[in-house]
Each structure stands twice: as structure tokens, then as C-alpha cells.
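Working notes for the structure below.
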Ligand code: HEM
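Residue numbers (the numbering used here), protein chains in the order written: chain A, 1 to 569; chain B, 1 to 359.
See the structure below:
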């Protein structure tokens with residue numbers, strides 16, 4: 001025997017040895033009893049954890065564990081739905097709470113499953129990598145004694161010298177990029193190591209993905225900002241309307257940039273059954289990177305965020321902001337601004353409030369505060385008989401207001417929504433008949449408040465506003481890289497066949513050389529016999545057949561011995 | 001109404017007509033496949049039993065033969081002898097639905113021709129639908145269903161064109177395609193509609209088209225897996241000396257050997273698994289662009305993930321001693337059930353009723 005890397009056990013020439021280590025998959029060990037002492041138990045536990053069987057169970061558990069989160073409302077996705085659920089299921093909700101079922105994907109038990117899985121994965125990858133390196137440094141195992149027992153086999157007799165056949169086989173296999181070498185009376189060759197490499201890359205990529213995902217969660221920040229056309233924003237914490245961040249996020253990690261909203265444009269289907277369905281949303285902005293960067297114009301659309309460093313600016317919502325002027329009892333303008341209103345339906349029927357706090361004097365010159373409830377429709381259709389908008393674009397805007405005065409409560413220290421009016425300390429203005437004062441305003445119209453308390457004017461200008469979400473999630477590049485590596489690794493691992501070929505040439509007693517060729521794949525694949533046939537064909541041309549001494553001219557191979565697979569070609 | 005809208009509605013009605021026509025042709029194909037099976041049942045095939053109980057297995061035949069041709073000996077090239085790995089049953093594949101019966105074979109060929117025709121008509125319906133909505137035809141479940149069955153049949157015909165041994169799939173496939181289309185035109189029908197801005201993304205094309213393709217291929221794998229389970233029990237019974245029923249014998253004898261079915265199912269599932277992985281990643285990229293977060297654990301994402309893990313389980317099971325064969329096949333069925341739930345279940349139960357229906 002020549003210098004092969006395989007152990008010299010008695011079964012060395014058996015199929016088992018020749019077929020061994022075609023993969024680095026761990027061998028399944030049957031219920032081995034743990035040894036004595038703590039070390040024995042730890043070792044036993046570790047071996048169990050890193051076995052394929054446990055990996056399989058953990059994978060199954062992971063998929064089972066992911067199910068409840070898709071059926072039960074999750075706080076992370078929609079906290080209000082969770083509240084509804086709590087209200088509706090008085091007895092179930094506390095149980096769910098205990099089990100963490102309202103936040104499955106960050107619950108202790110779900111984390112335990114995937115952490116165990118990833119420990120198992122690492123415990124699996126490390127030894128497999130070593131083994132693989134060992135295989136790369138070693139050589140393909142020697143030919144088994146009885147090549148006839150291999151899944152693909154062929155033989156012929158030739159006048160050529162065994163040495164010649166071996167030389168030719170070696171050259172041919174090497175040309176086909178097999179790793180081939182001589183072992184005793186045969187040539188042993190192997191190909192397709194990329195499969196194993198791909199498999200390792202895939203599993204490592206899974207770890208990269210997990211780490212990227214986890215760090216993304218820990219370091220991310222996510223805030224929203226509503227901007228009326230003409231407004232500006234610079235990326236600093238106080239500028240956000242609403243801000244959330246991961247537990248390791250630090251404010252100085254916010255990417256420095258700023259932008260102004262120049263113009264928002266929405267287009268809608270104007271006719272047909274889908275009239276009013278949005279077609280495009282675009283926000284034209286000018287942005288600058290860094291603290292003093294040059295302003296550059298660009299457009300942010302749905303699905304097309306602006307990317308600056310790790311930060312992305314998404315267009316997430318839009319609405320209208322009618323420009324309103326409020327004059328006080330003295331006729332002085334105390335408020336003039338575009339007031340963003342929140343959409344209530346698909347046709348952008350909107351509502352909101354206007355708060356006038358300082359500087360306002362009523363008809364008698366006394367200090368007071370004003371609050372208006374505003375209801376806005378971009379397309380009013382008198383024929384519809386409703387105050388609901390009939391179309392999302394600005395075709396026939398109408399603003400309905402009613403007015404209150406008194407204490408807005410903004411100084412009470414309790415945070416207040418800018419879209420709601422706290423009427424606890426406010427009194428409604430009444431009209432001459434003693435009813436709640438209200439008026440439908442067309443652009444340019446003015447509502448005069450009674451007792452010379454001033455007026456509110458709906459200017460002939462309705463601006464649009466756009467809501468932006470600014471997300472910073474470091475590590476998404478790593479996640480993408482990991483994902484791509486996973487795909488390529490997986491493809492290599494599934495599509496590349498790792499296989500071995502042996503060629504043995506021995507001179508028989510009658511002086512004629514008998515050539516035997518056999519192939520073995522990791523899994524039974526049609527490719528292995530095909531390739532073997534191909535190789536045999538080439539080799540046959542170099543070592544042509546010699547007639548069998550007692551050959552029966554009519555004998556053809558029994559078709560039954562060549563099942564469909566091999567016969568495909 | 002504008003002219004454009006009128007053209008679109010015209011196209012939409014053409015599409016509907018084509019879809020109904022394709023259903024009619026599929027029905028004809030269905031009957032032709034039935035005829036193939038019926039005629040096939042006349043032939044006597046008992047090769048499985050013979051192989052499993054026969055005393056002498058055919059020995060590896062000599063690979064080189066000498067044929068006398070015009071006095072000179074012409075040596076044929078060596079033939080490769082294939083045998084299954086040690087331990088596996090050496091059972092020959094069945095002859096197919098026609099069972100070697102000539103008339104059955106004729107009906108089978110007619111069935112395939114009809115399937116091709118139905119496929120083309122259905123494809124026309126899908127294309128007309130796409131033209132009528134001026135976008136890819138997968139904006140709602142109706143469109144998804146018609147595209148899905150078109151692709152599934154396309155995969156089948158593609159495999160046939162590649163000369164793979166898949167003719168036996170025909171009857172099972174047309175049956176489910178008819179169910180799928182029936183469901184589409186009755187329950188799921190939606191008048192044609194364009195997309196809202198959130199769906200305007202080339203990732204939609206990439207993500208959804210690969211998802212449909214993966215589903216179609218997984219489906220083919222699932223059919224093979226079910227048949228494998230039947231055939232495997234059949235072979236087990238024969239091997240144990242049992243006598244399976246007449247109907248089972250007639251049907252299962254004509255199918256490929258359980259080992260071939262198992263292998264086919266594995267190859268099909270393994271081949272699309274990377275694409276399914278890609279589909280999920282493409283979805284994540286799209287979500288990242290559309291919603292600001294590439295992974296939100298929304299029900300669709302979650303179930304795609306579950307499906308992915310389930311198929312990964314199956315692939316692991318295949319590589320693990322003691323899990324091959326039936327156990328792995330059950331995992332494959334489970335994985336496909338997850339895929340189905342992700343499509344029907346999540347659309348109907350979960351998002352439709354505010355994510356906590358069904359609990
Ligand atoms: C995070 C979860 C995991 C996923 C999604 C996953 C996925 C996969 C997939 C899809 C394959 C198929 C590739 C092929 O058949 O060659 C595979 C193969 C393999 N996996 Fe995993 N795996 C995971 C965890 C693990 C763990 C924890 C182990 C170790 C205990 C492991 C060990 C293996 C081995 C040894 C193979 C190759 C088997 C062979 O050579 O055929 N995997 N894995």
C-alpha cells in the first residue's frame with residue numbers, strides 16, 4: 001500500500017472506508033452512556049448538543065416556536081392590538097403575558113431555542129472545519145478491494161499495460177480537476193470539495209446573519225418627523241416627533257445630515273373602478289451630508305428611501321396643511337401658519353386643531369387663548385351630501401372649523417398632542433342663535449368670531465406635508481453580505497456532487513489487462529455513473545478493448561441490471 | 001370612462017375567457033389521463049414483487065460485448081453498471097400510468113398534448129390579465145392562483161421536455177390544477193386592479209415571481225413525496241410477504257420505485273431550496289426599502305421563515321442517519337403544509353381578521 005492518509009484498519013479496503021468522509025457530517029452516535037463525573041456529563045451534553053439529531057430537533061423547535069408570534073398580536077408590531085386582545089380575553093391575557101406570548105421573538109424561551117441552536121451550530125462548524133482542512137491536506141482514500149460493489153462500475157479488458165492505464169487515468173482525472181494519486185494497484189481520485197466548503201460557508205453565514213441582526217437591533221434608532229413643504233430637518237434628537245432606539249444606541253451615533261422638504265406630490269387614478277387609488281407619492285427634497293455639506297436636490301419615494309451612511313430616510317405618510325390666519329380683537333395677526341392635519345380615510349378627509357396661545361386679546365382687550373377644531377376635505381362634493389372627501393387630490397378644498405376660547409391647558413405640564421384639543425377649560429363660541437359656532441370655509445373665506453373676538457381666515461394656500469421615518473440600523477450591510485454568502489454556500493452545497501473515482505488495472509493470468517473503474521457519490525446521483533461512463537469512454541480509447549477469450553457474441557448487459565437512472569443517457 | 005380603461009376591461013374579459021377555456025382543456029386532459037390509467041390497468045405488471053421476492057438478483061452484467069459485424073470484431077464501449085447503495089431495495093421503476101399498454105400510452109400522449117394546449121391557453125390568460133392591469137399578474141390571490149398553476153404545469157412540462165421520468169405526475173397535477181383554478185374563479189376572483197405605491201418596486205417582481213416558482217416546484221416535490229409514502233408502504237408490505245389490494249397494486253406497480261420517487265422528491269426540493277432562501281432575502285430587502293426594517297416578524301415573513309426552517313429540517317434529516325426515508329418524507333410534507341398555510345392560511349385567517357383570529 002502506498003502512503004495514503006487512511007488508517008490501516010482491517011476494513012481499510014472495505015466500501016466503508018472508501019466511502020468515509022465524503023462529507024464532514026458528524027457520525028450519529030448511538031445512545032452512549034455518559035462517563036463518570038462532571039466532565040463526563042459535560043462532554044456528553046456537548047456531544048448531544050452538537051449532534052445532527054439535536055440540531056434537527058432545535059430547528060423543528062425554532063419553527064414551532066415562531067408560530068405563536070404570527071397568530072397572537074405582538075407588542076412590537078402593533079401595541080394597540082395587544083391592548084384590544086387584553087381587553088377581550090381577560091383570563092387568557094395574563095397567561096400569555098407570563099409566557100411572553102405578546103413578544104415571542106424576544107421572549108426568553110424563543111431566545112433559548114435559537115441560542116442553543118447557534119451554540120450547536122458553532123460546535124458543529126469548528127470540528128467540521130478542522131476535518132475538512134484535514135481532508136484537503138490528505139489524499140483520497142485507496143480503492144476498495146471489490147470495486148464491483150460500488151454504485152457505478154465498469155470494466156473491460158485491454159492489451160495495454162497496467163502501468164500505461166494508470167498513467168493515462170491519472171492524467172485524465174487530473175485534467176478533469178480531480179485530486180488523483182496512485183495507491184498500489186489503482187488510481188484514487190476525488191472531486192467536489194467545494195460542496196463541503198459551500199456547506200461550511202453557509203453555516204458560518206448563518207452566524208454572521210444572526211450577529212448582524214442582533215447588533216442591528218441593539219444599535220438601531222428609529223424616529224419620525226412630519227414636515228410641511230418648506231420645513232427643514234437636521235438629524236438630531238430634539239428634532240424628532242417620535243424616537244425609539246435600541247439599548248446600546250448612543251445619540252452621538254446619529255449620522256449628521258439635514259434636509260428641507262421642497263414639494264410633495266401625489267398622483268391618483270382619476271377614473272374607472274379604482275378612482276382615487278394612489279399611484280405615486282414623491283417628496284422633492286434638498287439634503288446635505290455632514291454638518292456643512294453642500295445642498296443637493298433629490299426625490300424620496302415610497303420604496304426608494306434616501307440613504308446617507310447607515311441612515312435611511314423613508315417617506316411614510318402624507319397629508320394636507322391648510323394655511324390659516326388668526327386675528328385677535330385688535331385686528332392683529334396672532335397666528336399665521338400651515339396647519340398639518342391628520343388624514344382619516346383614503347380620500348384624505350382630515351382633522352386637527354389650531355391652537356393660539358400667546359399674544360391673543362379678545363374683544364375687550366383681555367388676554368385669552370383660542371382653540372379651533374378643524375375638519376378638512378381636499379375634494380368637497382356638495383352632491384355627495386357629506387363632509388367626506390370624494391377624492392384624495394386638492395380639487396375643491398373645504399375647511400370646517402369651530403372655535404373655543406379659554407385655557408388650552410398647554411402650561412399644565414402634561415404633554416399634549418398637537419392634534420387634540422383639551423376642552424376641559426374651554427368654552428365654545430356660540431352663534432347668534434346660541435348654537436355651536438361653525439362654518440364651512442372655502443379658500444379665502446373668513447369666519448368672524450362673535451363679540452369682536454377676532455377672526456380666522458382660510459388662506460388661498462393649502463400646503464402638503466410628508467411624514468418621514470428616519471432609520472439607522474448598523475449591520476445591515478453585514479446582514480446582506482451574510483445572506484448572499486448563505487445563498488452561494490447553499491447552492492454549492494446542494495448542487496455540487498462530491499464524488500470519488502477509482503481506476504484499477506491488473507494484468508490477469510492470461511496476460512491481458514483487466515481495467516476496472518468505479519464511482520461513488522455522497523448521495524446516489526445520476527451524475528456519478530454518467531461521469532464515470534464519460535471517463536471510461538475516454539480511457540477506453542487510450543486502452544482499447546481486447547476480446548474476451550470465451551466471449552459470447554450475443555451477450556449484452558441485462559437491461560435489468562442497468563436501472564433507469566444510469567440508462568438515462 | 002376613458003379609452004384606456006375600456007381597453008383594460010376588454011383585456012380583462014379576454015383573460016377571463018382564456019382562463020375558463022384552459023379549465024375546459026385541463027378537464028379534457030384530466031379525462032385523457034384517467035383513460036391512460038384505465039387502459040394501463042389491463043396490463044399485468046408485477047415487477048416490484050418479482051424484484052423483491054425473486055430469489056436470484058441479476059448479477060452485474062459483463063460490460064464489454066463483442067459483436068460480430070462483417071467478420072471483424074467490433075468492441076463496444078464499456079457500459080456502466082449502476083446499483084443502489086448497499087441496504088437499499090433494488091426495485092425497478094414502474095412503466096408509467098399506461099402500464100405498457102399501447103392504447104393507454106396513446107391516451108397518455110393525448111393527455112400531455114392537451115396539457116400543453118391548456119397550459120398555453122392559461123398562459124395567454126395570465127398574460128392578458130397582466131396587460132389589463134398593466135403590471136405583473138400577482139397583486140391578489142386570484143392572480144396568484146392562476147399564475148401559480150400555470151407555473152406548476154410549466155415545471156411539469158419542462159421536466160418532461162428534459163426527458164425526466166415524470167409522466168406519472170400528470171393526473172395528480174391536472175387534478176390539483178383544476179381545484180386551484182376552480183377556487184380562483186369562484187372564491188378568489190377579484191376584478192383587475194392596479195397597485196398602490198407600496199407595491200411599486202422591482203423587488204416585487206423578483207420576490208413574488210421567485211416565490212411563485214418555488215411554490216410550484218415545492219408542490220411537485222410534495223406530490224412525489226406523497227406517492228413515495230404510498231409506494232414505500234406497498235413495497236414494505238410486499239417485502240414482508242403481504243398481499244396489497246388490487247387497486248393499490250394496479251396503481252402503485254406503475255409508479256417509479258419508492259427509492260426513485262424519494263430521490264426525485266429530494267432533488268426537486270433541494271434544487272429550489274436556495275431559490276426559496278433567495279426569495280426570503282429578496283423580500284427582506286424589499287421590506288427594508290418599503291417599511292424601513294428588513295425583518296418585522298409580520299405573519300407572512302414569519303411563515304416564510306417557518307417554511308424555510310422546515311425545509312432545512314428536511315434537508316438535515318436526509319443527511320442524518322436514522323431520519324432518511326419515511327421520517328424525512330413526513331418532514332417534507334410538513335414543510336409543504338407550512339408553505340400552503342403561508343399562502344392560504346395567512347391571507348385568509350391571519351391578516352384578514354387582525355392577526356389574532358384562529359386563537
Ligand atoms: C441555524 C440553523 C441551521 C440551518 C438553517 C441549517 C441548514 C442546512 C441546510 C439547508 C443544509 C443542506 C445542505 C446540504 O444538504 O448539503 C445543511 C446541511 C448540514 N448542516 Fe445545517 N443548518 C443549521 C444548523 C446546523 C447545525 C446546528 C448543525 C450541527 C449540528 C448543522 C450541521 C449540518 C451538516 C453536518 C450538514 C451537511 C450534511 C451533509 O453533509 O449532507 N447544521 N444545513
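Just so you know, even glycine gets a beta-carbon here, dropped at the ideal spot from N, CA and C.
Note that this is a predicted model, so its numbers are computed, not measured.
Under a Cβ-count criterion, where at least 16 other Cβ atoms within 10 Å of its own Cβ denotes burial, should residue 281(A) be classed as buried or exposed?
Residue 281(A) should be labelled buried.
Keeping to the same chain, check which residues put their C-beta closer than 7 angstroms to that of residue 151(B); ignore five residues upstream and five downstream.
212, 213 and 216
In the structure shown, what three-state DSSP assignment does residue 250(A) receive?
coil
Looking only at its own chain, which residues have a Cβ that is under 6 angstroms from the Cβ of residue 438(A), when we skip the five neighbours before and after it?
402
What separation, rounded to the nearest whole angstrom, lies between the Cα atoms of residue 287(B) and residue 188(A)?
50 angstroms
Counting only C-beta atoms, is residue 81(B) closer than 8 angstroms to chain A at any point?
Taking 8 angstroms as the CB threshold, residue 81(B) lines the interface with chain A.
Should the segment 193–205 of chain A be regarded as contacting the segment 155–167 of chain A, the criterion being three or more beta carbon pairs within less than 8 angstroms?
no
Counting C-beta neighbours from all protein chains within 10 Å, is the total for residue 113(B) 16 or more, i.e. buried, or is it exposed?
That one is exposed.
Return yes when at least one heavy atom of the ligand HEM lies under 7 angstroms from the C-beta of residue 128(A), else no.
yes
Considering residue 212(B), what are the terminal residues of the alpha helix (DSSP H) in which it resides?
202–239
Once DSSP output is grouped into helix, strand and coil, what is the label at residue 358(A)?
coil
If you draw a straight line from the C-alpha of residue 176(A) to the C-alpha of residue 166(A), how long is it?
15 angstroms
At a Cβ cut of 8 angstroms, what residues of the segment 309–336 of chain A count as close to chain B, listed as they run along the chain?
312, 314 and 316
C-beta atoms of residue 33(B) and residue 190(B) nearer than 8 angstroms:
no
Closest by C-alpha distance to residue 248(A), when choosing among 259(A), 199(A), 219(A) and 340(A):
219(A)
Is residue 166(A) helix, strand or coil when you go by DSSP?
helix
Just verifying my parser: in three-state terms, what is the DSSP assignment at residue 497(A)?
Note: residue 497(A) maps to coil in three-state DSSP.
Is the segment 103–118 of chain A close to the segment 44–58 of chain A, with three or more CB pairs under 8 angstroms?
Under the three-pair Cβ rule at 8 angstroms, the segment 103–118 of chain A counts as touching the segment 44–58 of chain A.
Within 8 angstroms (strictly less), CB to CB, does residue 18(B) reach chain A?
no
How about residue 223(B) and residue 155(B): are their beta carbons less than 8 angstroms apart?
no
Would residue 405(A) and residue 430(A) be called neighbours here (beta carbons separated by less than 8 angstroms)?
no
Check distances from the C-beta atoms of the segment 446–480 of chain A to those of chain B and list, in chain order, the residues that come in under 8 angstroms.
The residues in question are 469, 471, 473, 476, 479 and 480.
Give a yes or no on whether the C-beta atoms belonging to residue 311(B) and residue 269(B) are separated by under 8 angstroms.
Here residue 311(B) is near residue 269(B), since their CB atoms are less than 8 angstroms apart.
DSSP bridge partner residues for residue 242(A) (one or two, in chain order)
224(A)
How about residue 309(B): is its Cβ closer than 7 angstroms to a heavy atom in the ligand HEM?
yes
For a test of the three-state rule: what should DSSP assign to residue 451(A), helix, strand or coil?
helix
Taking the straight line between their C-alpha atoms, what separation do you get for residue 420(A) and residue 410(A)?
11 angstroms
Selection from 501(A), 105(A) and 69(A) that minimises the alpha carbon distance to residue 646(A):
Residue 646(A) is absent from the structure shown; chain A starts at 1 and stops at 569.
Look at the alpha carbon of residue 9(B) and the alpha carbon of residue 143(B), and state the distance between them as a whole number of angstroms.
15 angstroms
Can you tell which of 137(B), 307(B), 320(B) and 346(B) has its C-alpha closest to the C-alpha of residue 334(B)?
307(B)
How big is the Cα-Cα spacing for residue 227(B) and residue 40(A)?
The straight-line gap from Cα to Cα measures roughly 46 angstroms.
Given that residue 278(B) touches chain A, what residues does it touch there, using C-beta distances under 7 angstroms?
What residue 278(B) touches in chain A, judged by beta-carbon distance under 7 angstroms, is 487, going in chain order.
Within-8 angstroms CB hit, residue 163(A) to chain B
no
Check whether the Cβ of residue 338(B) sits closer than 7 angstroms to any heavy atom of the ligand HEM, and report yes or no.
no
For the segment 287–310 of chain A, which residues have a beta carbon sitting closer than 8 angstroms to at least one beta carbon of chain B?
Hits within the stretch, in order: 301, 302, 303, 304 and 305.
Using a C-beta to C-beta distance shorter than 8 angstroms, which residues of chain B count as neighbours of residue 227(A)?
Residues of chain B passing the Cβ test: none, with the nearest at roughly 16 angstroms.
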